[in-house]
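Undergrad: For what it's worth, our numbering labels the leading residue of the sequence shown as 117, then goes sequentially. For reference, the structure I am asking about is given below.
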Amino acid sequence: MNESLTALLSKFKLDLGTEPLPIELGGYYHRKGNKKHIIVNNALPYDKKIEICYELVFKHCLDEKGISFIPCYLSEETTYKGLYRKRGAAS
């Protein structure tokens, strides 16, 4: 699996799984209690599965205060260290 995706899954304590899903559904985020899961359509090619995983991680992962994260490459801040920064963080 992609090394940076593995790091993100670990950081946010996400389990990753695949399921047979309708073709129009690439994947989904599921939370039950303290367990968080990303489920991806197992019929998709590997590259598409990775893309969907990243999309779901950045769309649904929240820190303990409920502040969402965005990846650095989507922000204007290019000197920030790390894979992500808090949305609205001072530059």
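Even for Gly, the Cβ is constructed at its ideal location relative to N, Cα and C.
Where does the unbroken alpha helix (DSSP H) through K127 begin, and where does it stop?
TA: From DSSP, the alpha helix (DSSP H) with K127 extends over 119-127.
Undergrad: What is the residue span of the alpha helix (DSSP H) that D171 lies within?
TA: In the sequence as displayed, the identity of residue 171 is Glu instead of Asp. Start and end: 162-176.
Undergrad: Spell out the partners DSSP gives E140 in its beta bridges.
TA: For E140, which the question treats as bridged, DSSP gives no partner whatsoever.
Undergrad: Can you say whether L141 is buried or exposed, counting buried as having 16 or more other CB atoms within 10 angstroms of its CB?
TA: Classification for L141: exposed.
Undergrad: Name the DSSP beta bridge partners of N157, please?
TA: N157 is bridged to E135.
Undergrad: Smallest Cα separation from K165: which of A123, K129, G133, G149?
TA: Of the listed residues, the one whose Cα sits closest to K165 is G133.
Undergrad: Just to confirm, are K129 and K148 a CB contact at a threshold of 8 Å?
TA: Cβ atoms of K129 and K148: not closer than 8 Å.
Undergrad: In whole angstroms, what is the alpha-carbon distance linking L137 and F174?
TA: Distance between the alpha carbons of L137 and F174 is about 21 Å.
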